[in-house]
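Line by line, the protein sequences are chains A and B. Using my numbering, read the first sequence as starting at 149 and increasing by one per residue. Using my numbering, read the second sequence as starting at 979 and increasing by one per residue. For each residue, glycine too, the CB sits at the ideal point set by N, CA and C. None of these values were measured; they are calculated from a predicted model.
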Amino acid sequence: MTIKEALFQYTLRQGDTSLILGHRLSEWCGHGPKLEQDIALINIALDLVGQSRSYLEYAARIEDKNRTEDDLAYHRAEREFKNLLLVEQPNGNWGNTIMRSFYYDVFHYLFLHELVKSKDEQIAAIAQKSLKEVTYHLKHNSDWVIRLGDGTEESHVIMQTAADELWMFTGEMFDMDEVDDILMKEGIAPDLKPLHSKWLQKVKDVFTEATLKVPPEDAWMQSGGKLKGIHSEQMGFILSEMQYLPRAYPDATW
Amino acid sequence: MSKPKSKNEWPLWEVFIRSKAGLSHKHVGSVHAADHEMAIENARDVYTRRSEGISIWVVESNQVHANNPAEKDSLFEPADDKIYRHPTFYEIPDEVGHI
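Now the structure itself:
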């Protein structure tokens, strides 16, 4: 694998995770429990879709095959998407949505803190811009985990259930392969291993305040989305909705 | 008169935004929130999406007291015929610049 091929895969992974989580959150539009929270989630969705555009636009440039970021977002098949399985999980209830984002936000925040040091200027610039946005995402979703975890008996149960159900998708965030190895040597990509203990510590801190139990660290973890493009059954439904319009009306503009 | 609070309704908060340094906070609207921290986040999400502000104040709406609308005439009309209170009877030299 060449550096160029690795960089293409790497930008797809970041771009796809942002895109799919952004899409998932956008499904809340008009359905939030309060107008204020509806807008809050959509703001976060827009941040993520914006980040995705930057990554995919760069990926298209690296690939240099005359594709645009829209081609990558709307005309790739399921197996070509390299997002984390975590972010394609269904919205479920408000607790599921918050917990899914929280697990990812903690990782995203730590990851971007490293990525801003990337020797690839474009990637470092995207990371720099994203970091400010993600700092707020993390605060917003941590606050909600604490409020609801340490809320009523009912909200506590909902949050604990969400924490347990999504736990098996958290290990994948730290998976690495040849793509990472090649780019780590170039100083473009950070090592994800040291992030794991930091991630766990932050989750523990917030869960302690939220009176939630951290699921077992040695639990079995599901992976395959980010490295191989093997997705859960949710992914096809997301793509059929997300890609419907540009596939049915390829020339559509707005 | 404030209505009795519903058990399931978050209180209302009035939102004030400072649009840039040097200007005062201005009332822009209101949000529902469970407490002041959530109110600030909600205000950020609802009222600063288009770079409207650099600082947010929130005040719980039931802490805002207003004059009695029936006293409008006695409170405000007496000022109407006192135009000499406006600083419009002298010219500001150009050299003074913006004040």
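query: Per-residue DSSP class, three states only, for LYS998/B; result: coil
query: Proximity test, Cβ basis, 9 Å: TRP988/B and chain A; result: yes
query: Buried/exposed call for PRO1056/B, threshold 16 Cβ in 10 Å; result: exposed
query: Cβ of SER980/B within 9 Å of any chain A Cβ; result: Legend: pLDDT at SER980/B = 49, less than 50; position of this residue unreliable, value from coordinates given subsequently. By this cut-off, SER980/B is not an interface position.
query: Beta carbon of TYR203/A nearer than 9 Å to that of GLY163/A; result: yes
query: Residue range of the unbroken alpha helix (DSSP H) whose run includes VAL293/A; result: 269-297
query: Members of the stretch 990-1021 of chain B that neighbour chain A once the beta carbon cut-off is set at 8 Å; result: VAL1009, HIS1010, ALA1011, ALA1012, GLU1015, MET1016, GLU1019 and ASN1020
query: Beta-carbon neighbours of ARG1027/B, restricted to chain A and to distances below 8 Å; result: ILE187 and ASN191
query: C-beta neighbour in chain B for ASP291/A, strict 9 Å; result: yes
query: Contact with chain A by ASP1023/B, beta-carbon distance below 9 Å; result: yes
query: Residue from VAL993/B, GLY1075/B and ALA1012/B whose Cα sits closest to the Cα of GLU1030/B; result: VAL993/B
query: Runs of alpha helix (DSSP H) lying entirely within the stretch 326-356 of chain A, each at least 4 residues, in chain order; result: 326-333
query: Residue interval of the alpha helix (DSSP H) (run including GLU184/A); result: 183-211
query: Within 9 Å of chain B by C-beta, residues of the stretch 154-182 of chain A in sequence order; result: LYS182
query: Close-in-space but distant-in-sequence residues of the same chain around VAL197/A (CB under 6 Å, 5 per side omitted); result: GLY170
query: Beta carbon proximity, GLU262/A to chain B, threshold 9 Å; result: no
query: Contact with chain B by HIS288/A, beta-carbon distance below 9 Å; result: yes
query: Touching by the beta-carbon criterion (3+ pairs, under 8 Å), the stretch 236-243 of chain A and the stretch 380-397 of chain A; result: yes
query: Distance between TYR257/A and ALA272/A (C-alpha atoms, nearest Å); result: 14 Å
query: Validate contact between the stretch 276-283 of chain A and the stretch 334-352 of chain A using beta carbons, cut 8 Å, 3 pairs; result: no
query: Stretch-stretch touch, CB-based, cutoff 8 Å, three pairs: the stretch 1014-1027 of chain B with the stretch 181-198 of chain A; result: yes
query: Same chain, Cβ closer than 8 Å to SER980/B, neighbours up to 5 away in sequence not counted; result: The predicted position of SER980/B is uncertain, since its pLDDT is 49 and thus under 50; no value can be drawn from it.
query: DSSP state of ILE1034/B mapped onto helix, strand, coil; result: strand
query: Proximity test, Cβ basis, 9 Å: ARG201/A and chain B; result: no
query: Range covered by the alpha helix (DSSP H) that runs through GLY1007/B; result: Counting along the chain, GLY1007/B falls outside any alpha helix (DSSP H), though it belongs to the beta strand (DSSP E) covering 1004-1010.
query: C-beta atoms of ALA358/A and ASP312/A nearer than 9 Å; result: no
query: Runs of alpha helix (DSSP H) wholly within the stretch 221-262 of chain A (minimum 4 residues, chain order); result: 233-236
query: Simplified DSSP state of TRP991/B, which is helix, strand or coil; result: strand
query: Exposure label - ASN231/A; buried when at least 16 CB within 10 Å; result: buried
query: As assigned by DSSP and simplified to three states, the class of GLU1069/B; result: coil
query: Pick from LEU340/A, LEU393/A, GLU217/A and PHE250/A that is closest to GLU205/A, judged by C-alpha positions; result: GLU217/A
query: Cβ neighbour criterion (16 or more within 10 Å) applied to LEU331/A; result: buried
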